[in-house]
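Data first, discussion second: the structure below is written as structure tokens.
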Amino acid sequence: MQWPDEGPTAAELPPHLFKQVVEASGVPMAIRRPDLWPIYSNQAFLDLYGYTLAEVRAQKPRKMLLEETWALYRNTVIPCMEVGRSWEGDYVIRCKNGRLRSIWGHFDPVMDESGKLTHVISIMRDDSASQRLRKALQQTERHLNFLADNTSDCLFRLRTTDGRYDYISSAMESITGYKPQEFYENPNLFKNIAPASWLPTLEMWWQEMLEGNTRYEYTSPLYHKDGSLKWISQRITLVQDDYGTPAAVEGIITDVTQQRVTEDALRESESRYRLIVETLDDVIWTADNDLQYTYVSPAVEKLTGFTPEEYMTMDLADTMKPESMTIIKEMIARRTDAEAQSDGGNDYTNRFEAEAICKDGFTIWTETLTRRLYGPDDEKLGYLGITRDITPRREAALAIQKNEDRYRTLFEDSPISLWEEDLTRLKVYFDDLRASGVTDFRQYFYDNPEALGKCATLVDVVSVNKATLDLLRARDQEELLGNLDKVLTESSMAAFTEEMILLASGGCEYCGEITHRTLEGDVIWVVVNFSVPPEYQDSLSRVIVSLIDVTPRKRAEQALMESEERYRVVVENAQEGVVVVRDEKVLFANEAMTEILGYSAEELENFTPFELVHPDDRSFIVKQFSDFLAGKRNEGFASARTLTKLGETRWVTFSLKPIMWGGEKAYMEILTDITSHKVLEEELLLAHAEMEDRVARRTAELSEANIRLTDEVGERRRAQNQILSLTQQLLRIQEDERQRISRDLHDNIAQDLSSIILNMETLFDHDTEVDPAVAERARAVTDIVQGAVQSVRDIAYGLRPPALDQLGLTLALERHCADVSRRSGVDVDFFTAGMENLTFDFDTEINIYRMIQEALGNVARHAEASKVAVRMVKSHPDLLIRIADNGKGFDVDERLEQVAEERRMGLRSMEERARLVGGSMEIESRLGTGTRIIFKIPTIGARRQ
Numbered sequence: 010m011q012w013p014d015e016g017p018t019a020a021e022l023p024p025h026l027f028k029q030v031v032e033a034s035g036v037p038m039a040i041r042r043p044d045l046w047p048i049y050s051n052q053a054f055l056d057l058y059g060y061t062l063a064e065v066r067a068q069k070p071r072k073m074l075l076e077e078t079w080a081l082y083r084n085t086v087i088p089c090m091e092v093g094r095s096w097e098g099d100y101v102i103r104c105k106n107g108r109l110r111s112i113w114g115h116f117d118p119v120m121d122e123s124g125k126l127t128h129v130i131s132i133m134r135d136d137s138a139s140q141r142l143r144k145a146l147q148q149t150e151r152h153l154n155f156l157a158d159n160t161s162d163c164l165f166r167l168r169t170t171d172g173r174y175d176y177i178s179s180a181m182e183s184i185t186g187y188k189p190q191e192f193y194e195n196p197n198l199f200k201n202i203a204p205a206s207w208l209p210t211l212e213m214w215w216q217e218m219l220e221g222n223t224r225y226e227y228t229s230p231l232y233h234k235d236g237s238l239k240w241i242s243q244r245i246t247l248v249q250d251d252y253g254t255p256a257a258v259e260g261i262i263t264d265v266t267q268q269r270v271t272e273d274a275l276r277e278s279e280s281r282y283r284l285i286v287e288t289l290d291d292v293i294w295t296a297d298n299d300l301q302y303t304y305v306s307p308a309v310e311k312l313t314g315f316t317p318e319e320y321m322t323m324d325l326a327d328t329m330k331p332e333s334m335t336i337i338k339e340m341i342a343r344r345t346d347a348e349a350q351s352d353g354g355n356d357y358t359n360r361f362e363a364e365a366i367c368k369d370g371f372t373i374w375t376e377t378l379t380r381r382l383y384g385p386d387d388e389k390l391g392y393l394g395i396t397r398d399i400t401p402r403r404e405a406a407l408a409i410q411k412n413e414d415r416y417r418t419l420f421e422d423s424p425i426s427l428w429e430e431d432l433t434r435l436k437v438y439f440d441d442l443r444a445s446g447v448t449d450f451r452q453y454f455y456d457n458p459e460a461l462g463k464c465a466t467l468v469d470v471v472s473v474n475k476a477t478l479d480l481l482r483a484r485d486q487e488e489l490l491g492n493l494d495k496v497l498t499e500s501s502m503a504a505f506t507e508e509m510i511l512l513a514s515g516g517c518e519y520c521g522e523i524t525h526r527t528l529e530g531d532v533i534w535v536v537v538n539f540s541v542p543p544e545y546q547d548s549l550s551r552v553i554v555s556l557i558d559v560t561p562r563k564r565a566e567q568a569l570m571e572s573e574e575r576y577r578v579v580v581e582n583a584q585e586g587v588v589v590v591r592d593e594k595v596l597f598a599n600e601a602m603t604e605i606l607g608y609s610a611e612e613l614e615n616f617t618p619f620e621l622v623h624p625d626d627r628s629f630i631v632k633q634f635s636d637f638l639a640g641k642r643n644e645g646f647a648s649a650r651t652l653t654k655l656g657e658t659r660w661v662t663f664s665l666k667p668i669m670w671g672g673e674k675a676y677m678e679i680l681t682d683i684t685s686h687k688v689l690e691e692e693l694l695l696a697h698a699e700m701e702d703r704v705a706r707r708t709a710e711l712s713e714a715n716i717r718l719t720d721e722v723g724e725r726r727r728a729q730n731q732i733l734s735l736t737q738q739l740l741r742i743q744e745d746e747r748q749r750i751s752r753d754l755h756d757n758i759a760q761d762l763s764s765i766i767l768n769m770e771t772l773f774d775h776d777t778e779v780d781p782a783v784a785e786r787a788r789a790v791t792d793i794v795q796g797a798v799q800s801v802r803d804i805a806y807g808l809r810p811p812a813l814d815q816l817g818l819t820l821a822l823e824r825h826c827a828d829v830s831r832r833s834g835v836d837v838d839f840f841t842a843g844m845e846n847l848t849f850d851f852d853t854e855i856n857i858y859r860m861i862q863e864a865l866g867n868v869a870r871h872a873e874a875s876k877v878a879v880r881m882v883k884s885h886p887d888l889l890i891r892i893a894d895n896g897k898g899f900d901v902d903e904r905l906e907q908v909a910e911e912r913r914m915g916l917r918s919m920e921e922r923a924r925l926v927g928g929s930m931e932i933e934s935r936l937g938t939g940t941r942i943i944f945k946i947p948t949i950g951a952r953r954q
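Quick look at the structure:
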């Protein structure tokens with residue numbers, strides 16, 4: 010596509026086009042006063058606020074804007090606009106429903122020539138969702154950084170491909186004494202600091218992970234940089250690539266040295282100190298009514314790093330995070346209310362979780378149980394509490410939640426249809442059947458088909474993903490589950506039976522191809538995979554079912570089978586002989602081949618059709634098919650003679666194509682008997698020779714006649730060109746004569762009539778007494794002469810419009826349309842596009858003017874129209890002119906016949922003028938629907954005809 014060189018600029022386009030662009034953009038836009046109050050907006054702007062434009066104009070600013078937003082307008086945005094600077098940023102608006110909405114806006118000032126602010130253009134965007142997302146991401150990032158940098162456990166990621174670390178948190182140094190950078194530089198450092206006796210075990214664990222197997226926890230010793238022996242616990246997650254191959258290991262390393270030492274001590278004195286040791290895992294403490302510790306067990310040092318003595322000197326607020334202190338204060342308030350409402354308040358136990366601060370600055374999560382301490386007289390002495398470390402449990406819960414979120418994301422975004430089902434009730438039903446003595450579930454379900462119906466009611470569909478809704482053409486999950494009976498077919502019911510038999514018999518996996526029916530009624534083929542995760546095989550509380558759409562493949566298989574059957578029928582019933590050859594041996598020959606050559610199918614197995622070629626044609630055939638047989642061409646074709654079993658000579662065509670036969674390469678020969686065609690061809694050659702002789706004689710005669718006709722056509726063309734030239738000269742002379750008459754009318758007759766008017770107006774200036782009747786008749790004569798002057802000027806203008814020379818074609822036509830509208834009362838709508846830099850010679854301009862003048866004259870005189878539209882549009886390489894009215898219309902063919910009979914020149918004149926400037930005229934009209942006349946005038950390289 011090539012854009013035209015010339016066209017309207019943006020400033021010349023109609024205003025409604027810009028309005029349409031603004032409305033179609035979908036971006037909230039508004040034109041505002043200098044005080045930023047909107048005076049015009051598109052629909053997207055109004056939708057953002059929820060108001061109509063009239064409501065916006067009528068609203069008070071403070072109802073739609075918050076005080077801080079109005080202050081932002083007043084103190085920041087308006088000053089920027091007044092100095093000619095743009096502004097963009099975030100702020101809050103109040104919608105019609107009272108809802109607050111975060112907005113991003115961009116404001117541009119519009120200045121007049123003096124530099125004064127006249128308007129402001131604004132573009133807005135709803136930023137609520139983006140702002141919430143940014144805040145959530147920032148908060149998540151802070152939490153992750155905090156956990157990685159402040160936990161006492163070491164987080165790491167190790168590549169399985171080369172054994173190098175992708176990430177090691179700073180806690181590694183506190184555990185091993187070595188900085189993370191040392192592990193990055195020396196991947197074998199971990200093995201180097203492990204005791205030699207543990208290396209085989211570490212190697213065994215590593216090989217298990219490479220095979221895709223991991224344990225819940227790995228506990229092993231290592232030597233600290235200071236030479237001391239440390240024990241660590243590793244919790245590992247194996248990361249696999251898209252192909253299921255282990256790609257990396259992610260894990261958490263915890264220093265369990267103290268735990269190991271304690272465990273060793275516990276094992277040594279397990280029989281004597283079991284109860285005491287188990288209690289020491291938790292911190293036992295007491296506090297007075299002001300929450301000042303009065304006793305803390307030694308376990309607090311293991312938990313927080315503080316000695317009991319240090320802990321007892323600290324305020325509770327110094328040992329807890331501020332958020333946890335809020336939880337504790339709420340707990341105290343609940344206890345106070347419970348004690349006030351009940352005499353049995355001393356039995357009230359509080360349980361809460363809080364984040365405690367350790368001596369090294371790290372925090373741990375603890376669970377605390379508290380009860381009141383009372384004296385003999387129910388005097389409130391303080392509190393008794395037990396605190397335990399629940400950090401591993403919290404981390405495990407977070408890991409479970411993370412895994413659940415990851416599973417949910419994979420489930421929802423999977424391109425494969427997935428169903429999550431809960432078969433707990435079904436498992437109970439199967440157990441009851443087994444308890445009643447059922448062992449052969451296949452026979453049981455066949456004998457009791459109603460049991461399958463009950464099984465269907467015990468299947469609880471927990472969730473389906475979007476791919477399932479798309480596959481079965483459902484709007485949502487509710488619609489799908491409410492119409493499952495429409496989805497199932499006989500095939501899917503058979504598969505359901507097999508699934509129930511499998512589950513009842515203890516199986517956990519099923520796979521098969523079945524059909525389903527979409528909610529729109531289309532039958533589809535799917536591969537169903539039914540599996541129970543190992544951790545749910547005892548309860549069947551979570552079962553995953555996947556459906557893979559294989560409809561295209563099944564349709565292709567069906568089409569292939571149908572195609573093979575059609576191919577076999579066609580070959581066996583073809584009129585052409587067909588043989589399949591491999592290694593110069595015939596593998597197949599159809600019945601038509603035996604009829605052509607006279608040999609049976611068994612006889613043809615001993616030689617190929619090539620061997621039956623006529624001796625005189627064999628060298629030709631070998632040469633024709635040498636490239637094909639050598640594999641250089643994909644097909645071969647030739648005609649030759651062949652000998653039948655009876656010794657007859659037949660003409661045949663050989664067509665060779667490569668095929669696959671029995672899974673191996675071969676080629677197919679197709680023989681078509683063309684003996685009758687050859688006989689007919691010889692007869693045609695004889696007839697053709699006779700015809701050629703007659704054609705030669707006739708051609709000579711026609712050549713002589715053609716020369717005579719060519720001369721005659723040349724004479725007629727010259728005559729036509731002469732007529733056209735004379736017509737152009739006649740029209741030019743006519744225009745010159747009109748110009749002369751117009752000038753005479755304007756300069757002579759109009760001037761003389763104007764002099765008469767002047768004399769008539771001053772006729773009685775010196776007579777004081779004039780008969781009123783005479784004066785009245787003099788005024789009447791003056792009015793008549795004034796009318797004559799106007800008529801003379803109109804005639805002169807019509808004969809030769811001076812505006813055409815003074816203003817140009819476009820403005821002259823615009824003025825003429827206005828005159829026609831004024832004189833006739835018809836509403837004339839004149840419009841041009843692309844005419845700014847378009848110029849014509851004088852002959853073309855006057856002819857265009859006369860064509861439009863004649864067309865408007867016809868509308869005013871005959872059309873009985875109230876409106877007429879005149880359009881002039883440059884459409885490269887032509888100028889298109891359209892005059893359309895809403896008048897009574899006419900029958901075009903009938904009117905053209907009347908024009909020819911009555912020798913009318915209106916329509917013929919317009920058509921002749923269009924033809925003289927190399928253009929054309931088209932008339933479209935029907936009775937009662939108005940008339941449309943279209944002129945097409947070339948603008949470049951016009952050929953004047």
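The sequence shown begins at 10 in the working numbering and counts up one residue at a time. Cβ atoms here follow ideal geometry from the backbone N, Cα and C, with glycine treated the same way.
Quick one: give me the first and last residue of the beta strand (DSSP E) that residue i is part of.
i    : result
W534 : 532 to 540
W660 : 658 to 670
W374 : 372 to 383
For residue i, does the count of other Cβ atoms within 10 angstroms reach 16, so buried, or fall short, so exposed?
i    : result
D291 : buried
A934 : A quick correction: the sequence has Ser, not Ala, at residue 934. Answer is buried; the Cβ neighbour count reaches 16.
M602 : buried
M700 : exposed
L711 : exposed
A53  : buried
Y302 : buried
D682 : buried
M213 : exposed
Indicate whether residue i and residue j have their beta-carbon atoms separated by less than 8 Å.
i    : j    : result
V552 : W534 : no
K2   : Y176 : Outside the shown range of the chain (10 to 954) lies residue 2, about which nothing can therefore be said.
L382 : L393 : yes
I857 : I766 : no
F420 : E429 : yes
T372 : E364 : yes
E854 : L889 : no
Check for me: the alpha helix (DSSP H) holding residue i runs from which residue to which?
i    : result
Y455 : 450 to 456
T328 : 325 to 328
Rounded to whole angstroms, what is the Cα-Cα separation between residue i and residue j?
i    : j    : result
R134 : K69  : 22 Å
N474 : N201 : 49 Å
D494 : V588 : 53 Å
L74  : L81  : 10 Å
E691 : Q633 : 24 Å
R659 : D702 : 32 Å
L478 : M502 : 20 Å
I630 : P618 : 11 Å
D485 : A444 : 40 Å
Please look up how many angstroms separate the CB atoms of residue i and residue j, rounded, as I've assumed it's under 8 Å.
i    : j    : result
L680 : F663 : 6 Å
R941 : R859 : At roughly 19 Å, the Cβ-Cβ gap does not stay under 8 Å, so R941 and R859 are not in contact.
A649 : V661 : 7 Å
G937 : K876 : At roughly 15 Å, the Cβ-Cβ gap does not stay under 8 Å, so G937 and K876 are not in contact.
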